[in-house]
Amino acid sequence: MSVTDIKIKDYTYSLPDSRIAKYPLEHRDESKLLVYDQGNIGQDVFKNVSQYIPERSLLVYNNTKVIYARLHFRKENNDATGQPGALIEVFLLEPEMPRDYEQMFQSKGRCSWVCMIGNLKKWREGITLSRTVRVGERDIVIKAERGEEKATGWVVSFTFADDVSFAEILEAMGELPIPPYLNRKSEESDKTTYQTVYSKIKGSVAAPTAGLHFTPEVLSDIDAHNIERQEVTLHVGAGTFRPVKSEEIGGHVMHQEYICVSKAVIERLIAHEGHAIAVGTTSVRTLESLYYIGCKILSNPNIEEEKLIVEQWEPYKDKASEEDISSVKALEAIADWLDRNGLTALHTSTKIIIVPGYQYHIVSRLITNFHQPQSTLLLLVSAFIGEDWRKVYEYALNNDFRFLSYGDSSILIPKMS
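Residue numbers (our numbering): 180 to 596.
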């Protein structure tokens with residue numbers, strides 16, 4: 180059976196709403212930690228996570244920062260009722276112009292994003308929306324114009340004062356996009372609790388939630404246990420909340436997400452024989468994408484950067500050729516390519532989907548939260564520990580673990596092959 184024939188109904192479980200954590204614990208590192216160790220299951224407290232990570236191993240986490248991606252505009256009402264105009268929600272997905280995230284947030288006067296639009300039928304083409312926001316000591320007018328439709332959303336162009344950055348605009352009018360399954364509006368506390376303590380690179384519309392359990396004390400304890408820490412960047416897109424609606428996984432389309440990995444991190448991965456412990460599924464997708472990027476470079480040493488994007492089903496197309504390419508060899512190819520092109524970091528995107536049948540190349544252990552039924556993230560976990568995912572989730576449900584973004588976590592140590 181082809182991996183695309185996997186039926187999503189086979190990856191479900193009953194998740195009562197009462198088990199979904201609506202808020203985090205007061206102390207992040209006091210959350211429960213399920214320990215799956217080669218078939219055996221137990222539990223601990225997250226602050227003890229270093230006990231399950233071998234000394235001199237490499238821990239990799241995602242340093243992305245959630246942006247205030249949800250913007251609201253009120254359409255002008257031209258009738259005589261006096262009622263306010265329709266509320267239009269503009270949800271930022273990815274930069275359009277400029278495409279570079281850092282340049283985007285520094286943009287002044289004008290920029291454009293690919294967006295999801297709520298209440299789209301009320302925003303006809305040619306109508307400009309506007310809103311006045313307070314930036315510092317000034318009132319700034321920001322205008323939004325709807326442009327062309329793309330595969331993932333609509334292009335929306337924003338204009339505002341040419342001495343104000345778009346980062347300042349978002350700070351003034353944007354809302355933090357907490358997950359829809361929390362069934363509540365974002366609150367002031369979410370601005371802190373829905374960010375990891377090591378978040379630094381702006382760009383995500385959802386947090387890499389496995390990292391929400393870390394505290395400065397936990398990081399210090401990891402260092403004290405002689406465990407190396409390195410950072411990568413994957414900007415999480417709204418696709419992370421997108422349910423699988425097709426009966427077979429082959430009908431599901433993954434969103435493209437931006438990744439950045441420095442040459443220094445590539446070199447540390449090579450020094451650790453091409454293996455790492457991943458914090459969260461976003462780190463998994465970044466690390467495993469590196470393997471296929473290295474394979475592309477080995478087959479075409481002069482490949483251009485825009486052709487390094489990892490396509491959704493790429494890992495499943497030519498598995499025979501992978502037998503001769505180790506993770507170290509793939510990573511060395513990336514390091515050499517960066518040197519030849521005078522680059523200090525790899526900037527590209529990935530659409531990779533990891534489902535049962537996938538062979539992991541770089542990730543040896545995984546720290547992750549508990550994911551929604553029938554989700555691509557649950558498929559990723561199943562690909563990592565096999566059918567034992569059912570035992571893990573049954574244990575979590577029977578032992579009062581809290582689920583999803585603000586819930587508890589697990590460390591998964593797969594059986595030796």
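Here a beta-carbon is modelled for each residue, glycine too, at the ideal position from N, C-alpha and C.
Practice task
Flag this pair as yes or no: are the beta carbons of Ala455 and Ser378 separated by less than 8 Å?
Solution key: Their beta carbons are not under 8 Å apart, which means Ala455 does not touch Ser378 by this criterion.
Practice task
Please classify Asn548: is it buried, with 16 or more other beta-carbons within 10 angstroms of its beta-carbon, or exposed?
Solution key: By the beta-carbon neighbour count (other beta carbons within 10 angstroms, threshold 16), Asn548 is buried.
Problem - Nearest candidate by alpha-carbon position, reference Leu391, set Ile406, Thr372, Arg235, Thr183 - result: Here the closest residue by C-alpha is Thr372.
Practice task
Check whether the segment 341 to 357 touches the segment 207 to 216, counting contact only when three or more Cβ pairs, one atom from each stretch, lie closer than 8 Å.
Solution key: Under the Cβ criterion (8 Å, minimum of three pairs), the segment 341 to 357 does not count as touching the segment 207 to 216.
Practice task
Return the chain-ordered ranges of every beta strand (DSSP E) run that is complete within the segment 307 to 362 and spans a minimum of 3 residues.
Solution key: Entirely contained in the segment 307 to 362, the beta strand (DSSP E) runs reaching 3 residues are, in chain order, 307 to 314, 317 to 328, 333 to 338.
Handout entry: Residue from Asp223, Arg519, Ser229 whose Cα sits closest to the Cα of Asp402
Key = Comparing Cα-Cα distances from Asp402 to each of Asp223, Arg519, Ser229, the minimum goes to Ser229.
Exercise for the section: Would you grab the beta carbon distance between Glu410 and Thr529 for me? Rounded to a whole angstrom, and I think it's under 8 Å. Expected result: Rounded, the Cβ-Cβ distance is 17 Å, inconsistent with contact.
Exercise for the section: Excluding the 5 residues preceding and the 5 following Ser425 in the sequence, name in chain order all residues of the same chain whose CB lies nearer than 8 Å to its CB. Expected result: Counting only Cβ-Cβ distances below 8 Å, and skipping sequence neighbours, we find Ile187, His431.
Problem - C-alpha distance - Asn479 paired with Ser468, whole-angstrom precision - result: Each residue's alpha carbon lies about 17 Å from the other.
Problem - DSSP three-state assignment for Gly390, whether helix, strand or coil - result: Here Gly390 sits in helix by DSSP.
Practice task
Put Ser588 into one of helix, strand or coil per three-state DSSP.
Solution key: Ser588 carries a strand assignment under DSSP once its states are collapsed to helix, strand and coil.
Exercise for the section: Over the uninterrupted alpha helix (DSSP H) stretch that includes Arg519, give me the two end residues. Expected result: For Arg519, the enclosing alpha helix (DSSP H) starts and ends at 506 to 519.
Practice task
Have a look at Ile296 and Ile546 and give me their C-alpha separation to the nearest angstrom.
Solution key: Each residue's alpha carbon lies about 34 Å from the other.
Exercise for the section: Report the three-state DSSP secondary structure of Gly429 (helix, strand or coil). Expected result: In this structure, Gly429 counts as helix in the three-state DSSP scheme.
Problem - Residue from Gly264, Lys364, Val239, Thr191 with nearest C-alpha to Phe393 - result: Sorting Gly264, Lys364, Val239, Thr191 by C-alpha distance to the C-alpha of Phe393 places Val239 at the top.
Exercise for the section: Check the C-beta distance from Cys294 over to Leu308 and give it rounded, since I have them as a contact under 8 Å. Expected result: In fact, because the Cβ distance is near 12 Å, the residues do not count as touching under 8 Å.
Handout entry: Cβ contact (3+ pairs, closer than 8 Å) linking the segment 354 to 372 and the segment 316 to 324
Key = The segment 354 to 372 makes no contact with the segment 316 to 324; the number of CB pairs closer than 8 Å stays below 3.
Exercise for the section: Report the rounded CA-to-CA distance for Lys570 versus Leu591, giving the unit in angstroms. Expected result: Spanning the two alpha carbons is a distance of roughly 12 Å.
Exercise for the section: Within 10 angstroms of the Cβ of Pro263, are there 16 or more other Cβ atoms? Answer buried if so, exposed if not. Expected result: Exposed, since its Cβ has fewer than 16 Cβ neighbours within 10 Å.
Problem - Residue from Asn578, Trp292, Arg310, Glu407 with nearest C-alpha to Glu328 - result: Of all alpha-carbon atoms in Asn578, Trp292, Arg310, Glu407, the one lying nearest the alpha-carbon of Glu328 is that of Trp292.
Problem - Separation of Leu466 from His404, as counted between CA atoms - result: Going by the C-alpha atoms only, they are around 23 Å apart.
Handout entry: One or two residues paired with Met276 in a DSSP bridge
Key = BP columns for Met276 point to Ser291.
Exercise for the section: My understanding is that Tyr585 touches Pro203, with C-beta atoms under 8 Å, so please give their C-beta distance in whole angstroms. Expected result: Their Cβ separation, rounded to whole angstroms, is 4 Å, which keeps Tyr585 and Pro203 in contact under 8 Å.
Problem - Whole-angstrom distance between Glu407 and Ser236, CA atom to CA atom - result: Between the alpha carbons of Ser236 and Glu407 lies a distance of about 6 Å.
Problem - Spatial neighbours of Glu493 in its chain, beta-carbon cut-off 6 Å, leaving aside the 5 residues before and after - result: Cβ neighbours of Glu493 beyond the five flanking positions: Tyr471.
Problem - Contact under 8 Å by Cβ, Tyr247 with Leu355 - result: Pairing Tyr247 with Leu355 gives a Cβ-Cβ distance under 8 Å.
Handout entry: 7 Å Cβ shell around Gly218 - same chain, five flanking residues per side excluded
Key = Asp567, Lys594.
Exercise for the section: Return the first residue and the last residue of the beta strand (DSSP E) that Phe252 is part of. Expected result: Residue range 249 to 253 is occupied by the beta strand (DSSP E) that includes Phe252.
Handout entry: Nearest residue (CA-CA) to Arg278, options Glu304, Val334, Leu299, Pro195
Key = Ranked by Cα distance from Arg278, the first of Glu304, Val334, Leu299, Pro195 is Val334.
Practice task
Measure the beta-carbon distance from Asp184 to Gly429 and round it to whole angstroms, keeping in mind my assumption that it falls under 8 Å.
Solution key: Taking C-beta atoms under 8 Å as the contact rule, Asp184 and Gly429 qualify, at a distance of about 7 Å.
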